[in-house]
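Participant: Structure incoming, see below.
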Amino acid sequence: MARRKKLYEGKAKILYEGPEPGTLVQYFKDDATAFNAEKRATIEGKGVLNNRLSEFFMTGLANIGVPTHFIKRLNMREQLIRQVEIIPLEVIVRNFAAGSMAKRLGLEEGMALPRPIIEFSYKDDALGDPLVPEEYVIAFGWATQQDLDDIVALALRVNDFLSGVMYGVGIKLVDFKIEIGRVWDNDFMRLIVADEISPDSCRLWDIETGAHLDKDVFRRDLGSLTDAYTEVARRLGVLPTNVTHATKPTLIN
Ligand code: UDP
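Here's what the structure looks like:
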């Protein structure tokens, strides 16, 4: 059987050529990395959970009118997506101080911020994704001022949606990262949410206990990452069908 062409392999995902022009297949691996890939592990089941969770969030966003790259899930680990030109920025939205912001400013983790704060990191592994001001983004031509205005508007809509969905299942959305892609519909350029939205790219804390239900479990050795992601998926009602104990082959839709 002809193997499809691998276009890109990142730390947690692989992109293959899609069945139609303008589409790609996004494959979710079980690999986890942190601290700019200095810490690595394979965490069984992570890819399956993130495939489902990213589908759930992207579909929800589409339902409230926020455009995304997601087309459909293909199987346990793969989804069909629109091919985009990725803007080389990590768009980070923060509601509560944590991680690098808490460290940089000497803030206590969990402190509520006066309003959602958006920041940009330049996507470059060799440089460790440095934080960059808007001035750099525009001067170096990574995005225009108009793009940035649109990106901020998109990021805030994603934040409102995700915060609400999470609050509904007893989880506080502390911060998250999204990536934005450009697509062209005829001559008209649009910006859409791309990459993934999963506990790999969010900080999620249980509202009652403060327990971490995100990649910090791996970064900070707080227990089982699969258990944490499974808990998020369970609360959202998106647990993948468990085929391990099936007595006969089960069709996964
Ligand atoms: N984040 C991410 N990928 C990155 C850097 C950050 O998904 O390469 C997410 C991270 O999971 C967190 C948010 O962006 O939800 C803010 O991360 P922060 O800047 O605090 O960096 P960290 O402490 O994770 O290094």
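Residues in the sequence shown are numbered consecutively from 1152, following our numbering. Glycine included, every Cβ here is placed at the ideal spot set by N, Cα and C. All values reported here derive from a predicted model rather than from experimental measurement.
Sorry if obvious, but does the Cβ on Gly1250 come closer than 6 Å to a heavy atom of ligand 3?
Facilitator: This structure lacks ligand 3; its bound ligands are ligand 1.
Participant: Would you check whether ligand 1 has a heavy atom nearer than 6 Å to the C-beta of Arg1354?
Facilitator: Residue numbering aside, residue 1354 sits at position 203 when the sequence shown is read from its first letter. It does: the Cβ of Arg1354 is within 6 Å (strictly closer) of some heavy atom of ligand 1.
Participant: Give the secondary structure of Met1437 by DSSP, where H, G and I count as helix, E and B as strand, and everything else as coil.
Facilitator: The first residue shown for the chain is 1152 and the last is 1404, placing residue 1437 beyond what the model contains.
Participant: Assess, as a yes-or-no matter, whether the segment 1162-1174 is touched by the segment 1305-1315 under the definition of 3 or more beta carbon pairs within less than 8 Å.
Facilitator: No, the segment 1305-1315 does not touch the segment 1162-1174.
Participant: Could you tell me if the beta carbon of Asp1326 falls within a distance shorter than 6 Å of some heavy atom in ligand 1?
Facilitator: The sequence position of residue 1326 within the sequence shown is 175, counting from 1. It does: the Cβ of Asp1326 is within 6 Å (strictly closer) of some heavy atom of ligand 1.
Participant: Quick one: what does DSSP say Gly1161 is sitting in, helix, strand or coil?
Facilitator: For the purposes of this step, residue 1161 is taken as the residue at position 10 of the sequence shown. Three-state DSSP puts Gly1161 in coil, outside helix and strand.
Participant: How would you write the range of the alpha helix (DSSP H) that Ile1289 sits in, first residue to last?
Facilitator: In the sequence shown, the residue the question calls residue 1289 occupies position 138. Ile1289 -> alpha helix (DSSP H) spans 1285-1290.
Participant: Closest to Thr1219 by CA distance: which of Asp1346, Gly1361, Ala1185 is it?
Facilitator: As a working mapping, residue 1219 is identified with position 68 in the sequence shown. Comparing Cα-Cα distances from Thr1219 to each of Asp1346, Gly1361, Ala1185, the minimum goes to Asp1346.
Participant: Should Arg1154 and Glu1168 be called a contact, given that it needs their Cβ atoms to be closer than 7 Å?
Facilitator: Within the sequence shown, the letter at position 3 stands for residue 1154. Within the sequence shown, the letter at position 17 stands for residue 1168. The answer is no: Cβ separation not under 7 Å.
Participant: Which of the three DSSP states, helix, strand or coil, is assigned to Met1340?
Facilitator: Here residue 1340 refers to the residue found at position 189 when the sequence shown is read from its first residue. DSSP places Met1340 in strand when its eight states are reduced to three.
Participant: Quick check: the Cα distance between Glu1160 and Gln1177, rounded to an integer number of angstroms?
Facilitator: Numbered from 1 along the sequence shown, position 9 holds the residue referred to as residue 1160. Numbered from 1 along the sequence shown, position 26 holds the residue referred to as residue 1177. One C-alpha to the other measures close to 10 Å.
Participant: Confirm the yes/no value for this check: CB of Ile1243, any heavy atom of ligand 1, distance under 6 Å.
Facilitator: Here residue 1243 refers to the residue found at position 92 when the sequence shown is read from its first residue. Answer for Ile1243: yes, Cβ within range of ligand 1.
Participant: Taking the straight line between their C-alpha atoms, what separation do you get for Glu1382 and Arg1228?
Facilitator: Position 231 of the sequence shown, counted from the first residue, corresponds to residue 1382. Position 77 of the sequence shown, counted from the first residue, corresponds to residue 1228. Roughly 19 Å between the two C-alpha positions.
Participant: Could you tell me whether any non-hydrogen atom of ligand 1 is closer than 6 Å to the CB of Phe1280?
Facilitator: The count along the sequence shown starts at 1 and reaches residue 1280 at position 129. The sequence given here places Asp at residue 1280; Phe does not occur at that position. It does: the Cβ of Asp1280 is within 6 Å (strictly closer) of some heavy atom of ligand 1.
Participant: Mapping the DSSP letters down to three states, classify Lys1197 as helix, strand or coil.
Facilitator: For this step, residue 1197 is matched to residue 46 along the sequence shown. Here Lys1197 sits in helix by DSSP.
Participant: Out of Phe1186, Asn1246, Arg1224, point me to the one whose CA is closest to Pro1391's CA.
Facilitator: Translated into positions along the sequence shown, residue 1391 becomes position 240. Ranking the options by Cα distance to Pro1391, first place goes to Arg1224.
Participant: Between which two residues does the beta strand (DSSP E) holding Asp1275 run?
Facilitator: As a first step, residue 1275 is located in the sequence shown; it is residue number 124 there, counting from the start. Where Asp1275 is concerned, there is no enclosing beta strand (DSSP E), given that its DSSP letter is neither H nor E.
Participant: Mapping DSSP to helix, strand and coil, what is Glu1347?
Facilitator: In the sequence shown, residue 1347 corresponds to position 196, counting from 1. If DSSP states are grouped into helix, strand and coil, Glu1347 belongs with coil.
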